[in-house]
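Going letter by letter, the sequence shown gives residues 746 to 1272 in this note's numbering. Where a beta carbon is used, it is the ideal one built from N, C-alpha and C, also for glycine. Below is one structure, written out as structure tokens, with a few remarks after it.
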Amino acid sequence: MTKQPEAPQSRAPRVALDGIRKAFGGIPVLRGIDLTLEPGEVLGLVGENGAGKSTLMNVLGGSVRADEGRMFVHSLPYAPRSPADAARAGIAFVHQEPTVFPNLTIAENLQLTNLPRRAGLPWIDRTAAWERAAALLRRVGLSRDPGTRVERLSAGERQLVEIGRALGADARVLILDEPTTSLGAAERERLHALIAELSASGLSVVYISHELNDVLRVCHAIAVLRDGAVVATGRAAELSVDALIRHMVGRETRQLYPPRRAALPREPVLELRDVTLGVAQAADPRRGQGIEPLPAIGFTLHEDEILGLFGLMGAGRSELARVIFGLDASVSGQMLLDGTPLAGSPAERIRRGLAFVTEDRRLEGLCLGASVADNLVLASLRAFSRTPIGLLDPTAIRQAVDRIGQDVRLTGHAGTHVPVARLSGGNQQKVVLGKWLLTRPRVLILDEPTRGIDVGARAEIYELLYQLAEAGSALLVISSDLDELLGICDRLLVMRKGRIVRSFAPAEFDRERLLRAALPASVSERT
């Protein structure tokens, strides 16, 4: 377990916010925020989606201008007009969605605005650039060649590249918005250790996250936002998850995870027999072809079961999900759905009852420019065709959209005709789930189902997953959040280097044992 960080000695604040207000379209988003950040302090910023966290940091980071209030950096007035102004003041913002350029190398992404040049010449000094990039990669714990194109990296590795870029700009204030959403357990621990090192060197960090246990472990102090106002502040050592949740929602909340269900005999639904992935697929599904086969994978998913799949980044969890759904091909082996071979395109597998909530809802799960209604019916258009030429029945669509919107508890939007891009992360994920619920799935695969979602929406999604299982669906849940898997799953599988290495029944659920199973054999076998 990470040791509680020691609080920095009291000094003049590095950053001070005084009465910051901001409204969009006449609707207040920030309501007089007062906040300070000391040198070397790690400040946690928590709140439900829509509480104002990102807007406040966008004001500090120069992307949004406040309507009222004052800001100070190193006791000097600070009024940035752009992120470039913020960078010149020593403030770097690592956003939740990495802003890297896939077609460029790691070295180029790390030094976009300050690539070294040869003396007196316009050409890039590649030797110096590669050496500097290698040093930054070592700082963030990423073992990659600086000449590797970013398009070949996983989502978690891209996040680390962006953090390295911020460090390379000599920032004195680092804003991290949901920095662990793409990281596995080991990578998360490495990031937290890095934050502690940076804090000890005097760098100030604002840590925005829905992972409240992480916030309590990593931060010195925590500020809670609700409805655009700071409603509570305190030292992390004096707070608890329950206290933070009460402040975030303004009331007592029900239990996050529904009560565990009794285990009952179930019929097999999905069976994998000696399925193998390629090495290239296991590293990154977008590379498209395997080089050599990995060890065979076999397991059975039963009716009415929630089966969890845990592993570190690069273990092959997401790649396995893509193979099951037909997005990528397996090297060998057989898959059965209800005893019948499973093959064909994703469309054919959808017709047979498969559904897949991908890890990146914005990139692969939604059409952001389309309406909520259009997104909800996207996977089930055949069901609404009422004529031989494929014309859709608008009345049936409207009724289905209204029903599924109530089932998944869509909230806080102006209607089903607004662009889905305007919804909060929690409501966007509910739209993705609703889309697949309309297909009445036999098997639902969920990859990081609550990534970047606030605690209230999480509880609703967990309840929905339980309802699906109780209705007979079989669920395969992939998550880097061990608490989530331990809280909702009937059984857990651990994946390492492209193979299933352990299976855990509920009576065997234990964080340390799961982590040991997920670690490389040379580490996990030490007791």
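### For R1131, the three-state DSSP class (helix, strand or coil)
Locating residue 1131 in the sequence shown gives position 386, where the first residue counts as 1. Of the three classes helix, strand and coil, the one that applies to R1131 here is coil, per DSSP.
### Query
Which of the three DSSP states, helix, strand or coil, is assigned to L921?
By one-based count along the sequence shown, residue 921 stands at place 176. DSSP places L921 in the strand class (E or B) of the three-state scheme.
### Per-residue burial, V1153 [other beta carbons within 10 Å of its own, 16 or more giving buried]
Start at 1 with the first residue of the sequence shown, and residue 1153 comes out as number 408. So V1153 counts as buried.
### Task
Look at R1096 and E1050 and say whether their C-beta atoms are less than 7 Å apart.
By one-based count along the sequence shown, residue 1096 stands at place 351. By one-based count along the sequence shown, residue 1050 stands at place 305. Taking C-beta atoms as the reference points, R1096 and E1050 fail to come closer than 7 Å.
### Message
Quick test of the definition: if touching needs 3 or more C-beta pairs under 8 Å, does the segment 868 to 877 touch the segment 893 to 911?
### Response
Contact between the segment 868 to 877 and the segment 893 to 911 is absent, because fewer than three Cβ pairs lie under 8 Å.
### Task
For N803, collect the residues of the same chain with a Cβ closer than 7 Å to its Cβ; drop the 5 residues on either side in sequence, then sort them by chain order.
Numbered from 1 along the sequence shown, position 58 holds the residue referred to as residue 803. Hits under 7 Å: V809.
### Task
Would you mind sorting T844 into buried or exposed? The rule is 16 or more other CB atoms within 10 Å of its CB.
The residue labelled residue 844 in the question sits at position 99 within the sequence shown. Burial state of T844 is exposed, judged by a 10 Å Cβ sphere holding fewer than 16 other Cβ atoms.
### Message
Looking at A1066: is its Cβ nearer than 7 Å to the Cβ of D1192?
### Response
By one-based count along the sequence shown, residue 1066 stands at place 321. By one-based count along the sequence shown, residue 1192 stands at place 447. In contact: A1066 and D1192 (Cβ atoms closer than 7 Å).
### Query
What's the call for V940, buried or exposed, on a 16-neighbour Cβ count within 10 Å?
Mapped onto the sequence shown, residue 940 falls at position 195. The identity of residue 940 in the sequence shown is Ile, whereas the question assumes Val. Buried, because 16 or more other Cβ atoms sit within 10 Å of the Cβ of I940.
#### Entry: For E876 and S1077, the rounded distance between their alpha carbons
The residue you call residue 1077 lines up with position 332 of the sequence shown. The residue you call residue 876 lines up with position 131 of the sequence shown. Spanning the two alpha carbons is a distance of roughly 41 Å.
### Residue burial classification, E942 (beta-carbon count within 10 angstroms, cutoff 16)
Taking the first residue of the sequence shown as 1, we reach residue 942 at position 197. Result: exposed.
### Message
Which same chain residues end up closer than 8 Å to A916 when comparing Cβ atoms and leaving out the 5 residues on each side of it in sequence?
### Response
What you label residue 916 is simply residue 171 of the sequence shown in a count that begins at 1. Once the five neighbours on either side are set aside, the close Cβ partners of A916 are A832, G835, I836, A837, L948.
### Task
Examine the Cβ distances between the segment 805 to 822 and the segment 759 to 766 and report whether three or more of them are shorter than 8 Å.
They touch, by the three-pair rule.
### Query
For the segment 776 to 839, which segments carrying the beta strand (DSSP E) assignment without a break, of at least 3 residues, lie completely within its bounds, in sequence order?
The qualifying runs are 787 to 791, 813 to 818, 836 to 839.
#### Entry: Alpha-carbon to alpha-carbon, S1063 and D1073
Residue numbering aside, residue 1073 sits at position 328 when the sequence shown is read from its first letter. Residue numbering aside, residue 1063 sits at position 318 when the sequence shown is read from its first letter. Those two C-alpha atoms are separated by around 11 Å.
### Message
For I772 and I1069, I'd like the C-alpha separation in whole angstroms.
### Response
On the sequence shown, residue 772 is found 27 positions in, with the first residue counted as 1. On the sequence shown, residue 1069 is found 324 positions in, with the first residue counted as 1. Spanning the two alpha carbons is a distance of roughly 45 Å.
### Reduced DSSP secondary structure (H/G/I, E/B, other) of K1180
Here residue 1180 refers to the residue found at position 435 when the sequence shown is read from its first residue. In the three-state DSSP reduction, K1180 falls in the helix class (H, G or I).
### Query
Below 7 Å between beta carbons: does that hold for V906 and V818?
As a working mapping, residue 906 is identified with position 161 in the sequence shown. As a working mapping, residue 818 is identified with position 73 in the sequence shown. The answer is no: Cβ separation not under 7 Å.
#### Entry: Rounded separation between S946 and G1053 - CA only
In the sequence shown, residue 946 corresponds to position 201, counting from 1. In the sequence shown, residue 1053 corresponds to position 308, counting from 1. Rounded to the nearest angstrom, the two C-alpha atoms are 39 Å apart.
### Task
Name the one or two DSSP bridge partners that Q1079 has.
The residue given as residue 1079 occupies position 334 in the sequence shown. According to DSSP, Q1079 bridges with R1018.
### Message
Quick check on this structure: which residue in D1105, L1178, R1236 has the alpha carbon closest to the alpha carbon of V1117?
### Response
Translated into positions along the sequence shown, residue 1117 becomes position 372. When each option's Cα is compared against that of V1117, the closest is L1178.
### Message
Would G1061 and L775 be called neighbours here (beta carbons separated by less than 7 Å)?
### Response
On the sequence shown, position 316 is the one that residue 1061 refers to. On the sequence shown, position 30 is the one that residue 775 refers to. Taking a C-beta distance under 7 Å as the contact criterion, G1061 and L775 do not qualify as a contact pair.
### Query
Are E793 and D1199 close, meaning C-beta to C-beta below 7 Å?
Looking up residue 793 in the sequence shown gives position 48. Looking up residue 1199 in the sequence shown gives position 454. Yes, these two residues count as a Cβ contact at 7 Å.
### Query
Between the C-alpha atoms of T893 and P847, what's the straight-line distance to the nearest angstrom?
Counting from one through the sequence shown, the residue named residue 893 turns up at place 148. Counting from one through the sequence shown, the residue named residue 847 turns up at place 102. Straight-line spacing of the CA atoms in T893 and P847 works out to 10 Å.
### Task
Could you pull out every residue in the same chain whose Cβ sits closer than 7 Å to the Cβ of P1091, ignoring the five residues on either side in sequence?
Numbered from 1 along the sequence shown, position 346 holds the residue referred to as residue 1091. Counting only Cβ-Cβ distances below 7 Å, and skipping sequence neighbours, we find F1070, G1071, L1072.
### Query
Alpha carbon to alpha carbon, how far is T781 from C964?
Stepping through the sequence shown from its first residue, residue 781 is reached at position 36. Stepping through the sequence shown from its first residue, residue 964 is reached at position 219. For T781 and C964, the distance between alpha carbons rounds to 14 Å.
### Task
List the residues that DSSP assigns as beta-bridge partners of P1164.
As a first step, residue 1164 must be located in the sequence shown, where it is residue number 419. P1164 pairs with S1116.
### Query
Per DSSP, M1240 forms a beta bridge with which residues?
What you label residue 1240 is simply residue 495 of the sequence shown in a count that begins at 1. DSSP, once it has assigned bridges, lists I1245 as partnering M1240.
#### Entry: Range of the contiguous beta strand (DSSP E) that encloses D763
Sequence index remark: in the sequence shown, residue 763 carries index 18 (1-based). That run of the beta strand (DSSP E) goes 760 to 769.
### Task
Could you check what DSSP says for G1098 in three-state terms: helix, strand or coil?
Counting from 1 along the sequence shown, the entry for residue 1098 is found at position 353. Reduced to three states, the DSSP call for G1098 is coil.
### Task
Would you kindly check if the distance between the Cβ of G1170 and the Cβ of E923 is under 7 Å?
What you label residue 923 is simply residue 178 of the sequence shown in a count that begins at 1. What you label residue 1170 is simply residue 425 of the sequence shown in a count that begins at 1. No; because the gap between Cβ atoms is not below 7 Å, this pair is not in contact.
### Query
Count the other CB atoms within 10 Å of the CB of A1262; is the residue buried (16 or more) or exposed (fewer)?
Translated into the one-based positions of the sequence shown, residue 1262 becomes position 517. Buried, by the Cβ-count rule.
### Task
Buried or exposed for L788, please, with buried defined as at least 16 other CB atoms from any protein chain shown within 10 angstroms of its CB.
Numbered from 1 along the sequence shown, position 43 holds the residue referred to as residue 788. Around the Cβ of L788, a 10 Å sphere holds 16 or more other Cβ atoms; the residue is buried.
### Message
Taking only three categories from DSSP, how would you classify I851?
### Response
Numbered from 1 along the sequence shown, position 106 holds the residue referred to as residue 851. Under the three-state reduction of DSSP, I851 is assigned to helix.
### Alpha carbon of V1146 to alpha carbon of L1230, nearest angstrom
Residue mapping note: residue 1146 aligns to position 401 of the sequence shown, counting from 1. Residue mapping note: residue 1230 aligns to position 485 of the sequence shown, counting from 1. Roughly 30 Å separates the two Cα atoms.
### Query
Closest to I908 by CA distance: which of S827, L1015, L887 is it?
Walking along the sequence shown from the start, residue 908 turns up at place 163. Ranked by Cα distance from I908, the options S827, L1015, L887 are led by L887.
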